[in-house]
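Scroll down for the structure; my scribbles are underneath it.
Following this line, the structure appears as structure tokens:
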């Protein structure tokens, strides 16, 4: 067996409803994660009301278990006003931790609720220890990394960051790296970043010779056989997915994982080997029959990607077990009691936990015991009244009664003594969880659009290019027009000799003080392969580029640790939905940011686009996936390339497989184009307007540069050509 060193591993269960919370506790969960009526990434789950969360906290704490609240969506500026009042009652009642995606929410909670633990949601997409270290410095106690990480990556993150690591062990898997999916958002207006994913990836698509298959639909994760390895990697918490699933599912899955986690540690205690850990076939069948959707797979723990993870065909729906009221019954806490009823003294009840130190006792006194006039009180009457614990959390394991022969006490006084004793005992146990709160100034102010950081007020263009031909076209265009302030170069080709030669020639022969800055764009996902490549190319980055474009927390953390002195620009993946998140990034390394792609113009105005570029053209990346469409459909040939994914409406989505970093990018079928929104964009006054070129030919690249230069830089009255495009969320936004 791996050396577990006796470390306790938390079993973390989902609760989409209060009944699921009860089922999880009955099945042996150590902690529960649940959403409230707002701000959770499962908006379509039952979710818990405020009263249910408060009751749930007490119920769990009395049983030495924890509750983590999901506030794991991106909050708009106007919503930040609601966060304090939403979280306050839970904080007061001892909420153990919050799970967050939004860095503005993280800062808000640190400022206003300082005693609560903060867990970084998998929606943050943390894939390397650089990101974990960055969040550790920002006040995070636990990381829930990207689900795509291999076991060695998890082990390294734990070792290097020394943070708690929580990983998913069972349940649904997403095709996209969490937090990097805009598929549902752009196609249906329902954002996964706002808890309303429409499951667009579960639909049928065609690719090449494969027609109408569920090419993006993942099987469910089943990690029961991998428990020894996962525990050996140092993972602190094993998380079961399922806030949308019924209590019967929660109870079955939790109970089986409880059994095998306990078995794991029992085997360790006995000094057994890994080969001695076995899963009973009946348990496996129970586990997988609890919810049959698309089959099961062991996930990414040993596989960077695998066609076997994909469920190509849609199975027939199955009936799932009805909820058994027994699995959701309220469990009782065993207590030991001693009732002392002696004539002339106050009656009292002493409560303790069975088999615990008798010095740890709780005493409650009641009415004074009178002497009997006609009939003395008998022990059967006392026991009958004290046994009436009803719907309380407790039951007597033992109850000793010390009774004077001539004592008398009325039934009413006995009942009051029992109620007060149980109430006092309960409140004493819960007292350590309660918190006092100092009222804070939490008003989020309304504000108008801010002026651009361009002192002249003139809007300038920036351009992102994805291949050498687009780069050459862009540099040639700027040589003629001079309207670009920055050129972003994708790193997968931007550090090749041909590209560096092109840049060197440009710098030597053309570049001047008015020329655009050259900025290297980091990979969308910053895992070990990417780190090694950037490490090897670091000197080239310093020599040839003025700055970097970072897509996530991992790459930002990397360059901060490197003490990088160039310009750092945050891409849209560093979400800045509200002023606090925006200010966080600007205070933590970024000189400028990119406006969120899911906010509409009114929300962008409230946010203010000072120090923010606005993407005005480009095929938006809808998904970043560790899985490879080419590998699924044809097999891996380890060559970069493009293919297309066709949906049921015959819309074609270009898919780029980036072998250097081993991920796929799925681009929108039509480009975002805001050329006709000049008047509204001028009101917003962003610091720059970005054109993002991905699959465009040199001719297309030149044509779009010309259009945007004429409209925004040369102030021409120009008839913009019609072409298939989308306005994205600029006017519509997301809920």
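In the working numbering, the protein residues as written are 1056 to 1790.
For glycine and all other residues, C-beta sits at the position ideal for the given N, C-alpha and C.
Note that this is a predicted model, so its numbers are computed, not measured.
Using a Cβ distance threshold of 8 Å, residue 1574 and residue 1622 count as a contacting pair. In this structure, DSSP gives residue 1464 a state outside helix and strand, which the three-state scheme calls coil.
The alpha-carbon separation between residue 1396 and residue 1486 amounts to approximately 28 Å.
Judged by beta-carbon spacing, residue 1316 lies within the 8 Å limit of residue 1064, meaning their Cβ atoms are closer than that value. Assignment of residue 1306 by DSSP, reduced to helix, strand and coil, places it in the helix class. Counting along the chain, no beta strand (DSSP E) covers residue 1139; the unbroken alpha helix (DSSP H) around it starts and ends at 1135 to 1147. For residue 1393, the CB contacts under 6 Å within the same chain, skipping 5 residues up- and downstream, are 1405, 1455 in chain order. By the beta-carbon neighbour count (other beta carbons within 10 angstroms, threshold 16), residue 1437 is buried. Taking C-beta separations shorter than 8 Å and ignoring five residues to either side along the sequence, the partners of residue 1334 in its chain run 1279, 1280, 1315, following chain order. Note on geometry: alpha-carbon atoms of residue 1318 and residue 1332 lie some 8 Å from one another. The count of Cβ pairs closer than 8 Å, one atom from the stretch 1362 to 1370 and one from the stretch 1382 to 1392, stays below three, leaving the stretches out of contact. When DSSP reads this structure, residue 1699 sits in a beta bridge with 1709. Residue burial is scored here from C-beta neighbours: residue 1104 has fewer than 16 other C-beta atoms within 10 angstroms and is therefore classed as exposed.
For residue 1400, DSSP records no beta bridge to any residue. Annotation: the continuous alpha helix (DSSP H) that includes residue 1587 extends over 1583 to 1591. Per DSSP, reduced to three states, the secondary structure at residue 1531 is helical.
About 7 Å separates the CB atoms of residue 1664 and residue 1742; that is less than 8 Å, so the two are in contact. For residue 1568, the closest alpha carbon among the candidates 1549, 1537, 1518 is that of 1537.
The residue from 1173, 1434, 1287 with its alpha-carbon nearest to that of residue 1329 is 1287. For the pair residue 1132 and residue 1475, the CB atoms are not nearer than the 8 Å cut-off. Here the stretch 1162 to 1178 makes contact with the stretch 1192 to 1200; the two share three or more CB pairs at distances below 8 Å.
DSSP assignment within the stretch 1067 to 1110 yields the following whole alpha helix (DSSP H) runs of 4 residues or more, N-terminal first: 1073 to 1082. Counting along the chain, no alpha helix (DSSP H) covers residue 1252, and no H or E run does either. Just so you know, the alpha carbons of residue 1484 and residue 1433 end up roughly 31 Å apart. The distance from the Cβ of residue 1666 to that of residue 1654 is about 15 Å, inconsistent with a contact at the 8 Å cut-off.
Around the beta-carbon of residue 1515, 16 or more other beta-carbon atoms lie within 10 Å, marking it buried.
In the structure shown, residue 1749 falls within a coil segment according to DSSP collapsed to helix, strand and coil. Counting other Cβ atoms within 10 Å of its Cβ, residue 1675 reaches 16 or more and is therefore classed as buried. Between the C-alpha atoms of residue 1693 and residue 1714 there is a straight-line separation of about 6 Å. Judged by their CB atoms, residue 1697 and residue 1687 are not nearer to each other than the 8 Å cut-off. If you draw a straight line from the Cα of residue 1750 to the Cα of residue 1716, it is about 19 Å long. Looking at the DSSP output, residue 1262 bridges to 1265.
Under the criterion of beta carbons closer than 8 Å, residue 1402 and residue 1464 qualify as touching, at roughly 6 Å. With distances taken between CA atoms, residue 1443 lies nearest to 1466 out of 1077, 1758, 1466, 1421. The beta-carbon distance between residue 1528 and residue 1756, rounded to whole angstroms, is 5 Å. This is short enough to meet the 8 Å contact definition. Look at the stretch 1412 to 1443 and you find these whole runs of alpha helix (DSSP H), each 4 residues long or longer: 1434 to 1441.
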